[in-house]
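Chains as they are written, first to last, in our numbering: chain A, 21 to 256; chain B, 2 to 399. Where a beta carbon is used, it is the ideal one built from N, C-alpha and C, also for glycine.
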């Protein structure tokens, strides 16, 4: 077992029981992601891609198999322990931004630190720092309805970074954005990765996935392809 | 904990309209209950003010009209004398009624109710001008009397002093020896509610017809128990009339108790109605909190995804509901006390001359109690629902 991995999945399965029917969403998935990687997870809808994302995000537990996140085995943890893992080791970026309405950018970004029990002054200072980092230093007190879609997603990214997570998980981060803004957000992710952030991005869009260094393709609950971008370009 | 209160206040303030609408039902409910409580205290004060005019040592005995032989039970002048002489606690015994006559001063004329009074120290009304009725006036059946300020104004206007003037009342003439101070209370039960008060001996001689008086008024010697004396009088009257004769005794205590009981009944009924309205308000809060949880499903999902535990979400929503209730109840408390005090100061004060003190402590306890109960009953379930939400489902919620 290699403890230096950011993420290590071994024979992970996920089975949902809906009535008498058993749905095998994941049928034995194993892979590792090293710190500093930028991975896209692709796959058609119903492939198990969302289930995989929920497992990686510690929002759900595998039925069988082991999942080690930043050196911690999370497969058997309780709800409260999983919440603690999400609070300290993960950052989420969603398609729909999911910012608190009528709440300033700084307060939105500081939200995870509130649950970590950090004093208001310290958390607001940390939040402001992250907003500067994503290029929104001039809009600290703007509310979501006063920001463009791209700016809102930058606030969400700042929020995902505020707890200094081991892994940033992005679920279709450009799905609600126009192509020009998408390019900017992708550039931001690449800059973050260049600065050493581990990023996992779920997308169905090959163009978006092309920004990542590595692509995992999920189909029928298994990983069917795992290629580095360089190889892909070489094949093409 | 303080962080949660600050966070909850921030959320409540950021969503002012929702907050205001949710609190509205509670504000109205608490306002109604507190206003009625305050007015109830005012009414109790008014009762005490009104019956205070009777005095502590004065009481009435009247034959019960609901008896077969009412005529026999009638109290006569000679009965009063017999009672005064036989029962040790009785200082004076007189008619408790008044008699209506027209009074004339020159060409001025006014309809006056003539009441009767003993000498000092039984007088309970203040004199503004002149002097009181003395024991000498009583002993000599003097043709003197005291006008109320209202009657003086009718007869004399704002012109000259009434003291020493002759007042013609039917065939009799009286010298006006004094004027009562304008009473603070609108209702005065003294002297049978008279406008012109004469020595009781004078009254009994001039206005008691066929020796029969409707109500008898007794004055108690200092140091005697009113209840014992009342019982002795009723016993003596029954002996004088017949065994089955029935009498009612009225004194400050029994009247106050009766009216207080009446107001306590009203307060209870209105409080019950208020409680019902608060339950309705509470269900309103429950409903809006549930809608709010549904409306904020994605927000709750997000909060959980970024690391909030069930307990943290539960605490947050519960504190939100608690603060909402407290704010609603505090506003209701202030409004209710204002309305209650306004009614007391603007209206009830005229009955008694006294503004009842604001029942701060009682009202605050009631309001805080309601806030707590409403939160426990109606805030816990939505908070629990919020805490139980599955973050994956919640984030997908449209």
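Secondary structure of residue i, DSSP reduced to three states
| i | result |
| --- | --- |
| residue 114 of chain B | strand |
| residue 151 of chain B | helix |
| residue 144 of chain A | helix |
| residue 95 of chain B | strand |
| residue 231 of chain B | helix |
| residue 85 of chain B | helix |
| residue 22 of chain A | Interpretation of residue 22 of chain A is limited by its pLDDT of 48, a score under 50 that renders its predicted location unreliable; the figure taken from the coordinates is listed afterwards. In this structure, residue 22 of chain A counts as coil in the three-state DSSP scheme. |
| residue 7 of chain B | helix |
| residue 79 of chain A | coil |
| residue 200 of chain B | strand |
| residue 228 of chain A | helix |
| residue 386 of chain B | helix |
| residue 49 of chain B | helix |
| residue 217 of chain A | coil |
| residue 234 of chain A | strand |
| residue 93 of chain A | strand |
| residue 40 of chain B | helix |
Span of the beta strand (DSSP E), counted from its first residue to its last, around residue i
| i | result |
| --- | --- |
| residue 112 of chain A | 110-113 |
| residue 66 of chain B | Careful: residue 66 of chain B lies outside any beta strand (DSSP E) and carries neither H nor E. |
| residue 190 of chain A | 187-191 |
| residue 45 of chain A | 41-53 |
| residue 247 of chain A | 242-248 |
| residue 135 of chain B | Where residue 135 of chain B is concerned, there is no enclosing beta strand (DSSP E), given that its DSSP letter is neither H nor E. |
| residue 169 of chain B | 167-170 |
| residue 87 of chain A | 84-89 |
| residue 28 of chain A | 27-38 |
Status (buried if at least 16 other CB within 10 Å, exposed otherwise) for residue i
| i | result |
| --- | --- |
| residue 127 of chain B | exposed |
| residue 181 of chain B | buried |
| residue 183 of chain A | buried |
| residue 69 of chain A | buried |
| residue 304 of chain B | buried |
| residue 171 of chain A | buried |
| residue 200 of chain B | buried |
| residue 20 of chain B | buried |
| residue 41 of chain B | buried |
| residue 351 of chain B | exposed |
| residue 7 of chain B | exposed |
| residue 21 of chain A | Residue placement at residue 21 of chain A is poorly supported in this model, since its pLDDT is 45, which falls under 50; the coordinates still yield a value, given next. It is exposed - the Cβ of residue 21 of chain A has fewer than 16 other Cβ atoms within 10 Å. |
heavy atom of the ligand NAD below 8 Å from residue i C-beta
| i | result |
| --- | --- |
| residue 358 of chain B | This structure simply doesn't include the ligand NAD, nor any ligand for that matter. |
Residue i: first and last residue of the uninterrupted alpha helix (DSSP H) it sits in
| i | result |
| --- | --- |
| residue 371 of chain B | 361-375 |
| residue 397 of chain B | 392-397 |
| residue 73 of chain A | 69-76 |
| residue 205 of chain A | 199-214 |
| residue 175 of chain B | That residue, residue 175 of chain B, is in no alpha helix (DSSP H); its beta strand (DSSP E) goes 173-181. |
| residue 296 of chain B | 253-296 |
| residue 175 of chain A | 169-181 |
| residue 132 of chain A | 125-135 |
| residue 337 of chain B | 311-344 |
| residue 71 of chain B | 71-74 |
Interface partners of residue i on chain B, CB under 9 Å
| i | result |
| --- | --- |
| residue 26 of chain A | Under the 9 Å cutoff, chain B gives no residues; its nearest Cβ is about 18 Å from residue 26 of chain A. |
7 Å Cβ cut-off: residues of chain B touching residue i
| i | result |
| --- | --- |
| residue 64 of chain A | Going along chain B, no residue has its Cβ under 7 Å from residue 64 of chain A, so there is no contact; the nearest lies around 18 Å. |
| residue 112 of chain A | 306, 307 |
Partners in chain A for residue i, counting only beta-carbon separations shorter than 7 Å
| i | result |
| --- | --- |
| residue 393 of chain B | 74, 79, 80 |
Contact set between residue i and chain B, taken where Cβ atoms lie within less than 8 Å
| i | result |
| --- | --- |
| residue 99 of chain A | 310, 311 |
Under 8 Å by beta carbon: chain A residues contacting residue i
| i | result |
| --- | --- |
| residue 299 of chain B | 116, 118 |
| residue 45 of chain B | Chain A residues near residue 45 of chain B: none, gap ~48 Å exceeds 8 Å. |
| residue 279 of chain B | The contacting residues do not exist; residue 279 of chain B stays about 30 Å from chain A at best. |
Touching by the beta-carbon criterion (3+ pairs, under 8 Å), the stretch 224-237 of chain B and the stretch 29-40 of chain B: Touching, no, given that fewer than three Cβ pairs across the two stretches are closer than 8 Å.
Three-pair Cβ contact test at 8 Å for the stretch 153-172 of chain A versus the stretch 55-74 of chain A: No: fewer than three Cβ pairs fall under 8 Å.
Meets three-Cβ-pair contact criterion under 8 Å: the stretch 161-179 of chain B and the stretch 144-152 of chain B: Taking 8 Å as the limit for Cβ pairs, the verdict is that the stretch 144-152 of chain B does touch the stretch 161-179 of chain B.
Three-pair Cβ contact test at 8 Å for the stretch 34-41 of chain B versus the stretch 334-343 of chain B: yes
At least 3 beta-carbon pairs within less than 8 Å: the stretch 287-300 of chain B vs the stretch 12-26 of chain B: yes
Inter-stretch contact at 8 Å, needing at least 3 Cβ pairs: the stretch 362-373 of chain B / the stretch 64-79 of chain B: no
Cβ pair count under 8 Å reaching 3, the stretch 90-98 of chain B against the stretch 210-224 of chain B: The stretch 210-224 of chain B and the stretch 90-98 of chain B touch, with three or more beta-carbon pairs separated by less than 8 Å.
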